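I have placed the structure first, in the form of C-alpha cells, so that the comments after it can refer back to it.
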Amino acid sequence: MKSYRKELWFNVSSRREFINITPEIQECLMESRIEEGMILVNAMHITASVFINDDEGGLHQDYEEWLERLAPHAPISRYRHNLTGEDNGDAHLKRQIMGREVVVAITGGQLDFGPWEQIFYGEFDGGRRKRVLVKIIGE
Amino acid sequence: MKSYRKELWFNVSSRREFINITPEIQECLMESRIEEGMILVNAMHITASVFINDDEGGLHQDYEEWLERLAPHAPISRYRHNLTGEDNGDAHLKRQIMGREVVVAITGGQLDFGPWEQIFYGEFDGGRRKRVLVKIIGE
Amino acid sequence: MKSYRKELWFNVSSRREFINITPEIQECLMESRIEEGMILVNAMHITASVFINDDEGGLHQDYEEWLERLAPHAPISRYRHNLTGEDNGDAHLKRQIMGREVVVAITGGQLDFGPWEQIFYGEFDGGRRKRVLVKIIGE
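Taken in order, these protein sequences are the chains called R, P and L. Numbering of the first sequence is given in the numbering used here, commencing with residue 45 and proceeding in unit increments. Numbering of the second sequence is given in the numbering used here, commencing with residue 45 and proceeding in unit increments. Numbering of the third sequence is given in the numbering used here, commencing with residue 45 and proceeding in unit increments.
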C-alpha cells in the first residue's frame, strides 16, 4: 500500500466563500502516482467544509442564503459559543450542514467522478490562514 | 491491496424517492471477494444522496416533508440556480442535508453494520438515468 | 495491508448528549500499530452521530438548541415514524444533520488533525446501550 499526504493552505479575505479546489486535488493525485484507492479531502478547521457539488455561481449564492437562514451569523449574542469571545458560532453550525470531508474513489489514476462533481472548500469564518488535508491510500 | 469498482444505475420516475440498495451493495461485496477493508458508496450526481438509516416507510415520509420544509421545491424562482433553466435548485440543497456518500467497514467479508443500518439511494431530481459508484479496497 | 476493528459501547442516561471520544479513538490507533492509513469511526445506530468539531460546552448547547429547532422532539405525533410506537422520529432527522461517520487520515501513527479537531459521539435517543465502530486500514 502506498500513501500520500499534502496540506493545502487558504486565506479567504471575506467571511464566507466557496472555492473550487478540484485542480489542486488532481495535482496531488498525479504527484502520488496512486492508481487505485481512495482519497480523503477534509477541512482541518472546524468552521470550514469540504464538499462536492456543482461549480455554478447561482447555486453558490443559494447555498449562502440558505445557510444564513438556517444558522444566521447575527446577532452574535444568539450563540453561547460567542461568549468565549468568538463571533463564529454560526460557522460551526453551517459547517455541519455542508460537511467536513469527502472520500472519493481513485480509479485508473483519476478522481472517479460523475459528470458534474467538483470539490469545494467552504469557508465560513475567513480572515485567517486555514488548511485542507489531502490523504491518499492505494496502489 | 485489492480493489473493486461497480456502477449501479437508477431511473426514478418520480421527482423524489428513497431506494434501499443494501442488497445490491452486498452483491458487489461478494463479487469483490474482499474480506477486510472499506467500501465507499457515493452518488455520482449532485442532486442525489447515498445515506444510511432505517428502512421504515413512515420515517421516509418524515424525511420527505422535513427536507421540503428546509428547502422547498417551489416556487422555483426562489433559487438563483434555476435561472440556468433548471428547476432543481432545491435538490442541490436537500442532497447536502442527506449527504453524498457513506463509507462502511468490511469485516469477515460482510458489511459491518449495526442492527438497523441500511443503505439508501436518495433521489431528489428524478426522471433521468443516474448512477451510484461502489468502490471497495482491502484484502 | 493491516486492519483493526473495535466496538465502543455507550449508555447515555439522558435523551441527548455529546461525548468526546478522541482519547478512546487514540487508544484504538495505538493498539492497531497502524502508522499510515485511514480510520473510520461510525455510529452503529441510526439515531446517533459521530462528528468532528470543537470541545466547547457553549457550542454544544448551541448545537442542542439548533437541532431541536430544525427537528423538534415534541409533539411526537409530528412524525409518522412514531406511529410505530417509537418516540425517536426527531433523532433520525437530527442524526442526518450531524452525520453518521468520520474518516480521518492516519499519519506517523497519529490522528492527522487540525488544531481544534475532536471526535464526538452524538446521542439523540439515549437510555439504552449503543455502539460506535472503529475500523482502521493501512500499514
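For each residue, glycine too, the CB sits at the ideal point set by N, CA and C. Small disclaimer: the values here were computed from a predicted structure and weren't measured.
Worksheet item: If contact means a Cβ-Cβ distance below 8 angstroms, which residues of the region 132 to 162 of chain P contact chain R?
Response: 133, 136, 137, 139, 140, 141, 143, 144, 145 and 147
Fill in: Bridge partner(s) assigned by DSSP for residue 46 of chain P
P:182
Worksheet item: Based on the DSSP output, what are the partners of residue 151 of chain L in its beta bridges?
Response: L:154
Worksheet item: Relative to chain P, which residues along the region 94 to 107 of chain R have a C-beta separation below 9 angstroms, given in chain order?
Response: Going along the region 94 to 107 of chain R in chain order, one finds 95, 96, 97, 98, 100, 101, 102, 103, 104, 105, 106 and 107 with a Cβ nearer than 9 angstroms to chain P.
Fill in: Stretch-stretch touch, CB-based, cutoff 8 angstroms, three pairs: the region 54 to 72 of chain R with the region 157 to 173 of chain R
Look at the beta carbons and you see the region 54 to 72 of chain R touching the region 157 to 173 of chain R: at least three pairs across the two are nearer than 8 angstroms.
Worksheet entry | For residue 125 of chain L and residue 103 of chain P, believed in contact at Cβ under 8 angstroms, the rounded distance | Right, their Cβ atoms sit about 4 angstroms apart.
Fill in: Contact under 8 angstroms by Cβ, residue 42 of chain P with residue 45 of chain L
Here chain P covers residues 45 to 183 and nothing more, so residue 42 of chain P does not appear.
Worksheet item: Does any residue of chain L bring its CB to less than 8 angstroms from the CB of residue 47 of chain R?
Response: At a cut-off of 8 angstroms between C-beta atoms, residue 47 of chain R counts as an interface residue with respect to chain L.
Discussion item. Please tell me whether residue 125 of chain R has its Cβ less than 8 angstroms away from any Cβ of chain L.
Written reply: yes
Item to complete: Taking residue 47 of chain R as the reference, give the member of L:49, L:127, L:100 and L:152 with the closest Cα.
Response: Among L:49, L:127, L:100 and L:152, the Cα nearest to that of residue 47 of chain R belongs to L:152.
Worksheet item: Closest Cβ-Cβ distance between residue 110 of chain L and chain R: below 8 angstroms?
Response: With respect to chain R, the C-beta atom of residue 110 of chain L has a partner C-beta closer than 8 angstroms.
Discussion item. Need the endpoints of the alpha helix (DSSP H) that residue 74 of chain L sits in, please.
Written reply: 66 to 76
Worksheet entry | residue 127 of chain R classed as buried or exposed, judged by whether at least 16 other C-beta atoms fall within 10 angstroms | exposed
Item to complete: List the endpoints of the continuous beta strand (DSSP E) containing residue 143 of chain R.
Response: Careful: residue 143 of chain R lies outside any beta strand (DSSP E) and carries neither H nor E.
Fill in: 7 angstroms Cβ cut-off: residues of chain P touching residue 80 of chain R
47
Discussion item. When you compare the CB of residue 183 of chain L with every CB in chain R, is at least one pair closer than 8 angstroms?
Written reply: yes
Worksheet item: Where does residue 124 of chain L fall in DSSP's three states?
Response: Taken through DSSP and simplified to helix, strand or coil, residue 124 of chain L comes out as helix.
Fill in: Beta-carbon neighbours of residue 50 of chain P, restricted to chain R and to distances below 9 angstroms
Correct list: empty, because the minimum Cβ distance to chain R is about 11 angstroms.
Item to complete: Using beta-carbon positions only, say whether residue 167 of chain L and residue 61 of chain L come within less than 8 angstroms of one another.
Response: yes
Discussion item. Any beta carbon from chain R within less than 8 angstroms of residue 186 of chain P's own beta carbon?
Written reply: Nothing can be reported for residue 186 of chain P, as the shown portion of chain P is limited to 45 through 183.
Worksheet item: Are the C-beta atoms of residue 63 of chain P and some chain R residue less than 8 angstroms apart?
Response: no
Worksheet entry | Chain-ordered chain L contacts of residue 90 of chain R [CB-CB under 8 angstroms] | 96, 97, 98, 158, 160 and 161
Practice prompt. Ignore the nearest five residues each way along the sequence and tell me which others in residue 161 of chain P's own chain have a CB closer than 6 angstroms to its CB.
Written response: 96
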